[in-house]
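Let me begin by presenting the structure, written as structure tokens, before commenting on it.
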Amino acid sequence: MRKLACLFGLGMLFLLAQTAAAQDTPKVDAFLGYSYVRANPATSGAPSFNLHGGSASLAYNVSNSLGLVADFGGYHVNKIGGFPVDSAVYTYLFGPRLSYRRSESKITPYAQILFGGTHLGRGALQAGSDNTFAMTVGGGLDANPTRHIGLRLGQVEYLMTRFKEAAPNRQTQNNLRFSTGIVFRW
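One point on numbering: in numbering that gives the first Met the number 0, the residue at position 163 of the sequence shown is 162, and numbering is uninterrupted.
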């Protein structure tokens with residue numbers, strides 16, 4: 000009977016520890032911050048250029064390590080290769096995020112892969128707009144000074160877009176995206 004009571008007690012401690020760990024994981028992470036994109040056109044000889052803007056994401060944490068992410072961004076460029084332009088790029092991406100959360104740690108590393116689309120809007124000098132497929136693969140590091148507010152120290156991603164370019168059969172752009180900002184959790 001004593002062994003049974005010990006096993007029951009250990010089982011209850013295990014369940015309570017699991018419940019406590021699950022309570023430490025926020026159900027929702029909301030990010031708002033600055034984003035930088037280094038765009039690399041596929042057309043040979045076309046110069047790379049910088050876009051600056053912002054991004055926001057919402058992650059629903061299914062478990063301690065798995066989250067489902069919706070990510071939205073807007074970026075602007077006003078000069079490419081010395082020529083004035085007025086263009087904006089918008090991204091809308093969705094997918095899974097794997098986080099490594101430890102209750103005693105104030106840092107949370109994560110990796111994610113997102114799929115979706117991107118929209119290129121051209122200003123008054125260039126006619127039209129374009130919508131196409133986009134995806135990101137990358138990860139980041141969040142600092143957690145408090146339970147409900149954190150800092151995204153950095154998120155670095157490969158951003159692939161598929162805009163049609165001037166050169167025939169050239170339509171894959173291999174870009175870099177960096178984001179940093181504030182994370183709200185509840």
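Heads up, the beta-carbon is just placed ideally off N, CA and C, and yes, glycines get one too. Source: prediction; values computed, not measured.
Exposure label - residue i; buried when at least 16 CB within 10 Å
i: D23; result: exposed
i: A20; result: Confidence is the limiting factor: at A20 the pLDDT is only 48, short of 50, which leaves the residue's position unreliable and the question unanswerable from this model.
i: L113; result: buried
i: R146; result: exposed
i: G153; result: exposed
i: G72; result: buried
i: G80; result: exposed
i: N174; result: buried
i: V182; result: buried
i: P189; result: Outside the modelled stretch of the chain, which goes from 0 to 185, sits residue 189, for which no answer is possible.
i: T42; result: exposed
i: S98; result: buried
Identity of the residues DSSP links to residue i by a beta bridge
i: L97; result: L65, A110
i: K105; result: Its beta-bridge partners do not exist; DSSP assigns none.
i: R161; result: Paired residue(s): none; R161 is not in a bridge.
i: D129; result: L119
i: P83; result: K78
i: G72; result: S54, T90
i: T179; result: Y33
C-beta atoms of residue i and residue j nearer than 7 Å
i: R176; j: F132; result: no
i: G94; j: V68; result: yes
i: V136; j: Y109; result: no
i: L31; j: G149; result: no
i: L57; j: V36; result: no
i: G115; j: L92; result: yes
Closest residue to residue i among the options (Cα-Cα distance)
i: G44; options: G180, S178, E164; result: E164
i: S128; options: T117, M134, F71; result: T117
i: N130; options: G52, A55, T90; result: T90
i: M134; options: L97, M159, P25; result: M159
i: K78; options: A29, P144, Q170, P46; result: P46
i: Y59; options: S104, L119, P25, E103; result: P25
Contact belief for residue i with residue j at Cβ below 8 Å, rounded distance in angstroms
i: V61; j: W185; result: Actually they do not touch by this definition, with Cβ atoms about 16 Å apart.
i: S178; j: Y74; result: The Cβ separation is near 11 Å, so there is no contact.
i: L172; j: A38; result: Reading off the sequence, residue 172 comes out as Gln, not Leu. The Cβ separation is near 6 Å, so the contact holds.
i: R100; j: S64; result: 7 Å
i: T107; j: D70; result: With a Cβ gap of about 17 Å, T107 and D70 do not count as contacting.
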